[in-house]
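As structure tokens, the structure follows; a few thoughts come after it.
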Amino acid sequence: TVLTTWKRGRELLGERLAADAMQLQPFIASLEAGGVERVPGTAVFMTPDPAAVPHALLHSLKHYKVLHDYVVILSVKVFDVPYVPDIDRVEIQRLPGNFAQVTVQYGFKDEPDIPAALERCAAAGLPVAAMETSYFLGRETLIPKLGSRMAYWRALLFVTMFRNAGSATAYFRIPSNRVVELGSQVIL
126 TVLTTWKRGR
136 ELLGERLAAD
146 AMQLQPFIAS
156 LEAGGVERVP
166 GTAVFMTPDP
176 AAVPHALLHS
186 LKHYKVLHDY
196 VVILSVKVFD
206 VPYVPDIDRV
216 EIQRLPGNFA
226 QVTVQYGFKD
236 EPDIPAALER
246 CAAAGLPVAA
256 METSYFLGRE
266 TLIPKLGSRM
276 AYWRALLFVT
286 MFRNAGSATA
296 YFRIPSNRVV
306 ELGSQVIL
């Protein structure tokens with residue numbers, strides 16, 4: 126019951142977040158037309174869907190009304206192989222407006238290390254100097270709701286498990302003094 130609750134809860138959470146998502150390419154085009162103020166440095170926004178705008182990016186832009194000079198949309202893929210060779214670890218796609226999509230690939234036995242992966246990006250010419258890069262992560266607060274697609278007691282169990290799950294900062298070895306978490310509420 127616990128594992129199926131976790132799996133179902135993650136599916137519902139993913140669906141809710143995807144329903145509110147905006148596609149990345151039109152978003153970048155709208156920024157070029159709108160003339161958003163830029164500040165020095167690089168911002169890394171993590172997302173499970175590299176084609177969508179991370180919620181943390183939307184919240185950051187809404188609250189701070191600026192973007193960093195360089196913006197990296199970073200997604201992580203874990204494959205059903207023990208290890209991914211270092212040569213295949215990082216894929217970089219440059220986008221207009223000083224944006225880049227970076228996909229970091231790991232095997233299920235690899236230990237994720239985002240700063241180390243970004244060093245590979247720096248070697249490929251992406252401006253991701255450790256002390257000039259900030260990481261923006263989304264942090265969801267889950268609200269269970271009666272009559273949703275998950276039994277209420279299971280929603281409560283999932284919310285508790287989600288709240289007690291380890292932090293992305295620690296899991297991906299991101300320096301905690303370089304992380305900004307931007308929250309949103311999600312009704313399950």
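Start counting the sequence shown at 126; every next residue gets the next number (our numbering).
From the three backbone atoms N, C-alpha and C, an ideal C-beta is built for every residue, glycine too.
Being a predicted model, the structure only gives us computed values, none of them experimental.
Rounded C-beta distance between Val215 and Val227? I'm assuming under 8 Å.
In the sequence shown, the residue the question calls residue 215 occupies position 90. In the sequence shown, the residue the question calls residue 227 occupies position 102. Between Val215 and Val227 the beta-carbon gap is near 6 Å, inside 8 Å, which marks them as a contact.
Considering just the uninterrupted stretch of the alpha helix (DSSP H) at Ser185, what are its terminal residues?
As a position in the sequence shown, residue 185 is number 60, starting the count at 1. Start and end: 180 to 189.
Less than 8 Å between the CB atoms is what I'm expecting for Ala247 and Val229, so what's the real figure, rounded?
Looking up residue 247 in the sequence shown gives position 122. Looking up residue 229 in the sequence shown gives position 104. That belief does not hold up - the Cβ atoms of Ala247 and Val229 are roughly 14 Å apart, past 8 Å.
On the three-pair Cβ rule with 8 Å, is the stretch 287 to 301 touching the stretch 142 to 156?
Cβ pair count under 8 Å is below three, so no.
Boundaries of the beta strand (DSSP E) in which Gly363 is found, first to last residue
Absent from the model: residue 363. The displayed extent of the chain is 126 to 313, so no value can be given.
Within 10 angstroms of its Cβ, does Ser200 collect 16 or more other Cβ (buried), or is it exposed?
Counting from one through the sequence shown, the residue named residue 200 turns up at place 75. Classification of Ser200: buried, given that the 10 Å Cβ count is 16 or more.
Grouping DSSP H, G and I as helix and E and B as strand, with all else coil, what is Asp213?
Walking along the sequence shown from the start, residue 213 turns up at place 88. Note: Asp213 maps to helix in three-state DSSP.
Compute the distance between the beta-carbons of Gly250 and Ile153, then report whether it is under 8 Å.
Taking the sequence shown and counting its residues from 1, one reaches residue 250 at position 125. Taking the sequence shown and counting its residues from 1, one reaches residue 153 at position 28. Not closer than 8 Å, so no.
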